[in-house]
Amino acid sequence: MYKYYFRPGYQSGNLLIEVFDGAENETFVSDFVHALGEINPKMTDVLDLWMNDEVLLTYDSEIGPFTISKDIWGFAFITAENNQEGLGKINSVLEKSEFFEKVEVDFENYK
Numbered sequence: 047m048y049k050y051y052f053r054p055g056y057q058s059g060n061l062l063i064e065v066f067d068g069a070e071n072e073t074f075v076s077d078f079v080h081a082l083g084e085i086n087p088k089m090t091d092v093l094d095l096w097m098n099d100e101v102l103l104t105y106d107s108e109i110g111p112f113t114i115s116k117d118i119w120g121f122a123f124i125t126a127e128n129n130q131e132g133l134g135k136i137n138s139v140l141e142k143s144e145f146f147e148k149v150e151v152d153f154e155n156y157k
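And the structure:
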């Protein structure tokens, strides 16, 4: 099971999804995309930021674009800066998934 927060970015009005438990698994990206099957995600770009030990995977879907940022420290962030409504839909889909568990956070901690 993967655990995640649906929270604001630090000092930002934009929301994001932070996967903090399980993102280090080799199957994380495929499990995540599989969980989002109902929105039909399709990868459009891969950017390997080797100097940051991070990979950016860009997707388009029926609810709009989003990006997965995955690093070598076992964290993944799902962002959709110009598609906050779509990010909310992703959260709703993950809440129904048996493979993902949402952990509530206090939004005040991110101001």
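Note that my numbering has the sequence shown beginning at 47, numbered continuously upward.
Glycine included, C-beta positions come from ideal geometry on N, C-alpha and C.
Just to check my reading of the structure: L140 and A69 have Cβ atoms closer than 8 Å, yes? What is that Cβ distance to the nearest angstrom? Counting from one through the sequence shown, the residue named residue 140 turns up at place 94. Counting from one through the sequence shown, the residue named residue 69 turns up at place 23. Their Cβ separation, rounded to whole angstroms, is 13 Å, which puts L140 and A69 out of contact at 8 Å.
Measuring only the C-alpha atoms, how far is R53 from K157? Counting from one through the sequence shown, the residue named residue 53 turns up at place 7. Counting from one through the sequence shown, the residue named residue 157 turns up at place 111. Going by the C-alpha atoms only, they are around 11 Å apart.
Boundaries (first-last residue) of the beta strand (DSSP E) holding V101: Along the sequence shown, read from residue 1 onward, the residue named residue 101 stands at position 55. 100-106 is the extent of the beta strand (DSSP E) around V101.
Take F145 as the anchor and find which of L61, S76, S58 has the nearest alpha-carbon. Residue 145 sits at position 99 when you count from the first residue of the sequence shown. Put simply, of L61, S76, S58 the residue whose alpha carbon is nearest the alpha carbon of F145 is S76.
Could you please give the first and the last residue of the uninterrupted beta strand (DSSP E) stretch that includes A122? Sequence index remark: in the sequence shown, residue 122 carries index 76 (1-based). Here the beta strand (DSSP E) through A122 covers 122-125.
Status (buried if at least 16 other CB within 10 Å, exposed otherwise) for L93: Residue numbering aside, residue 93 sits at position 47 when the sequence shown is read from its first letter. Exposed.
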